[in-house]
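Student: First, the structure itself, so that you have it in front of you.
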């Protein structure tokens, strides 16, 4: 099963154009066996509904300052890249007793060597909330061994430039797990002293 890298469904015109031209569509391979087919009692003549799950997701990014915990007010940007694979759709001749059209998709499982990474979500600016979190836009979860790449650049916190960049790989097994971005940080304790070096507020005897 394949899905558009942008997360938007293919139009019927796009599919027909691919069939008539013989040119491949470039799509993301997604989960297998993630839909159910149901037939109603009153309409058993192959009226089917498909329930797809885990095809689209959002990533929950949590920025953590080491030794301090979640960091609110962090300015960051994120982008998502997806593996696009060439897919050919063609029409199969069917007996006259079958109403409608039958199509075949090739290959059923693409070779990673034929696929290339494409930007599905362009760099997007965001600021962490009170819990240090940011939710991304919706993107496609590829089937293993393919991964979606989420790149996070932590730009600043409280006016302090940071410039840390991290890349995370989202798969079917970790799609619901928050992405934790850990930023190195230390706590400074400042003690004012006098000209003699004694801490201010200390009585000299």
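Residue numbers (our numbering): 90 to 294.
Quick reminder that beta carbons are idealized off the backbone N, C-alpha and C, glycines included.
Computed from a predicted model, the values in this text were never measured in an experiment.
On the three-pair Cβ rule with 8 angstroms, is the segment 158-172 touching the segment 195-214?
Tutor: Counting C-beta pairs with one atom in each stretch, the segment 158-172 and the segment 195-214 have three or more that are closer than 8 angstroms, which means they touch.
Student: Quick one, are the C-beta atoms of residue 221 and residue 267 less than 7 angstroms apart?
Tutor: Residue 221 sits at position 132 when you count from the first residue of the chain shown. Residue 267 sits at position 178 when you count from the first residue of the chain shown. Not in contact: residue 221 and residue 267 (Cβ atoms no closer than 7 angstroms).
Student: To the nearest angstrom, how far is it from the Cα of residue 94 to the Cα of residue 280?
Tutor: Residue mapping note: residue 94 aligns to position 5 of the chain shown, counting from 1. Residue mapping note: residue 280 aligns to position 191 of the chain shown, counting from 1. So the two alpha carbons sit approximately 55 angstroms from each other.
Student: To the nearest angstrom, how far is the alpha carbon of residue 219 from that of residue 254?
Tutor: Taking the first residue of the chain shown as 1, we reach residue 219 at position 130. Taking the first residue of the chain shown as 1, we reach residue 254 at position 165. Roughly 22 angstroms separates the two Cα atoms.
Student: Please report how far the alpha carbon of residue 257 lies from the alpha carbon of residue 152, in whole angstroms.
Tutor: If you number the chain shown from 1, residue 257 lands on position 168. If you number the chain shown from 1, residue 152 lands on position 63. Looking at the two C-alpha atoms, the distance is approximately 13 angstroms.
Student: What's the C-alpha gap between residue 229 and residue 247?
Tutor: As a first step, residue 229 must be located in the chain shown, where it is residue number 140. As a first step, residue 247 must be located in the chain shown, where it is residue number 158. Each residue's alpha carbon lies about 33 angstroms from the other.
Student: Give every residue of the same chain whose Cβ lies closer than 6 angstroms to the Cβ of residue 122, excluding the five residues on either side of it in the sequence, and list them in chain order.
Tutor: Indexing the chain shown from 1 puts residue 122 at position 33. Annotation note: pLDDT 49 at residue 122 (below 50); position unreliable, coordinate value reported separately. Scanning its chain for C-beta atoms nearer than 6 angstroms, with the 5 sequence neighbours on each side dropped, one finds no residue around residue 122.
Student: From the DSSP output, which residues share a beta bridge with residue 228?
Tutor: If you number the chain shown from 1, residue 228 lands on position 139. Paired residues: 146.
Student: Hey, residue 148 and residue 242 are a contact pair by Cβ (cut 8 angstroms); roughly how many whole angstroms apart?
Tutor: Position 59 of the chain shown, counting from 1, holds the residue named residue 148. Position 153 of the chain shown, counting from 1, holds the residue named residue 242. About 14 angstroms; that fails the 8 angstroms criterion.
Student: Go ahead and pull the three-state DSSP assignment for residue 285.
Tutor: The count along the chain shown starts at 1 and reaches residue 285 at position 196. Three-state result, residue 285: coil.
Student: At what residues does the alpha helix (DSSP H) containing residue 103 begin and finish?
Tutor: Along the chain shown, read from residue 1 onward, the residue named residue 103 stands at position 14. Here the alpha helix (DSSP H) through residue 103 covers 101-110.
Student: I'd like the list of long-range same chain contacts for residue 294, defined as Cβ closer than 6 angstroms, with 5 residues on each side in sequence excluded.
Tutor: Along the chain shown, one-based indexing puts residue 294 at 205. With a pLDDT of only 41 at residue 294, under 50, the local geometry of the prediction cannot be trusted, and the value read off the model is given with reservation. Closer than 6 angstroms at the Cβ level, and outside the excluded window around residue 294, lies no residue.
Student: If you follow the beta strand (DSSP E) that residue 211 is part of, which residue opens it and which one closes it?
Tutor: What you label residue 211 is simply residue 122 of the chain shown in a count that begins at 1. Residues 205-216.
Student: Relative to the C-alpha of residue 118, which residue among 286, 284 and 234 is closest?
Tutor: The residue given as residue 118 occupies position 29 in the chain shown. Of the candidates 286, 284 and 234, the one whose C-alpha sits nearest the C-alpha of residue 118 is 234.
Student: Would you list the residues sitting across from residue 265 in a DSSP beta bridge?
Tutor: One-based indexing of the chain shown puts residue 265 at position 176. For residue 265, DSSP assigns no beta-bridge partner whatsoever.
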